[in-house]
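> According to this note's numbering, the sequence shown is numbered sequentially starting from 79.
Beta carbons are placed, not taken as given, at the ideal position from N, Cα and C, and that holds for glycine.
Input: one structure, supplied below.
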Amino acid sequence: GLQLFLVFKSKHPKSVRDSLPVMFAFLVLSMVSVQGAARAPPCAFDGRGYTDMKVTSPSGRELDATSCQKACQLEPTCEFFTHYNNSHMCWLMGKSATLMDQPDPKATSGAKSCTSGVAPGAAITITGD
């Protein structure tokens, strides 16, 4: 847990000393909201990451998996994403992405859209007239 010790001398005006508990409560509440449970899209899943041989580095940092999915939606070639909650790295991958065999408890992954219905490695057949 977080421990914070406040030590101050009586030189501080009474109004400052009286407001310290309120400032401390605000600080703690701010930290809880930032470090609370990470948000993830309803279609995302935890514990597995995607890999794509064409992608060699993350696209950047995102606060959570929902933000990573939104970044994927803005990238025309992105079909799948993996967000790592320890580093906040967001990996955007294309249609050649596959799920890694090795579980990773730090990973949250999903499709570009919760309504896309495309699974990695799925065969897509297009028929015409």
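By DSSP, does Ser137 sit in helix, in strand, or in coil?
For the purposes of this step, residue 137 is taken as the residue at position 59 of the sequence shown. Three-state result, Ser137: coil.
> What's the gap between the Cα of Asp130 and the Cα of Thr144?
Locating residue 130 in the sequence shown gives position 52, counting from the first residue. Locating residue 144 in the sequence shown gives position 66, counting from the first residue. So the alpha carbons of these two residues sit roughly 20 Å apart.
> Which first and last residues belong to the alpha helix (DSSP H) in which Ala122 is found?
By one-based count along the sequence shown, residue 122 stands at place 44. Note, Ala122: premise wrong, no alpha helix (DSSP H); not H, not E.
> Which first and last residues belong to the beta strand (DSSP E) in which Ser191 is found?
Here residue 191 refers to the residue found at position 113 when the sequence shown is read from its first residue. It is not in any beta strand (DSSP E) - Ser191 carries neither H nor E in the DSSP assignment.
> Which class does Cys156 belong to by DSSP, given the choice of helix, strand or coil?
Here residue 156 is taken as the residue at index 78 of the sequence shown, counted from 1. In the structure shown, Cys156 sits in coil (DSSP, three-state: anything other than H, G, I, E or B).
> Quick one: Cα of Lys154 to Cα of Met171, how far?
By one-based count along the sequence shown, residue 154 stands at place 76. By one-based count along the sequence shown, residue 171 stands at place 93. Rather than Lys, the amino acid found at residue 154 in this sequence is Pro. Roughly 10 Å between the two C-alpha positions.
> With distances taken from CA atoms, which of Glu157, Asp124 and Tyr162 is nearest Gly138?
On the sequence shown, residue 138 is found 60 positions in, with the first residue counted as 1. Ranking Glu157, Asp124 and Tyr162 by Cα distance to Gly138 puts Tyr162 first.
> For Thr193, I'd like the list of residues in its chain whose CB is within less than 7 Å of its CB, leaving aside the five on either flank, ordered along the chain.
If you number the sequence shown from 1, residue 193 lands on position 115. So the list is empty, once near-sequence residues are dropped.
> If Met167 sits next to Pro119, beta carbons under 8 Å apart, how far is it from one beta carbon to the other, in whole angstroms?
Walking along the sequence shown from the start, residue 167 turns up at place 89. Walking along the sequence shown from the start, residue 119 turns up at place 41. Between Pro119 and Met167 the Cβ distance is about 17 Å, and since that is not below 8 Å, they are no contact.
> For the putative contact between Trp169 and Thr160, defined by C-beta atoms under 8 Å, what is the C-beta separation to the nearest angstrom?
Here residue 169 is taken as the residue at index 91 of the sequence shown, counted from 1. Here residue 160 is taken as the residue at index 82 of the sequence shown, counted from 1. With a Cβ gap of about 5 Å, Trp169 and Thr160 count as contacting.
> On a Cα-Cα basis, can you pick out the residue from Arg117, Ala149, Lys173 and Ala185 that is closest to Glu157?
Against the sequence shown, residue 157 aligns to sequence position 79. When each option's Cα is compared against that of Glu157, the closest is Lys173.
> Below 8 Å on the Cβ atoms is my guess for Ala189 versus Gly125; work out the distance and round it to an integer in Å.
The count along the sequence shown starts at 1 and reaches residue 189 at position 111. The count along the sequence shown starts at 1 and reaches residue 125 at position 47. Wrong, their Cβ atoms sit about 16 Å apart, outside the cutoff.
> Work out the CA separation of Asp142 and Met101 for me, nearest whole Å.
Working through the sequence shown from its first residue, we reach residue 101 at position 23. Working through the sequence shown from its first residue, we reach residue 142 at position 64. Interpretation of Met101 is limited by its pLDDT of 42, a score under 50 that renders its predicted location unreliable; the figure taken from the coordinates is listed afterwards. Cα to Cα, the separation comes out at about 27 Å.
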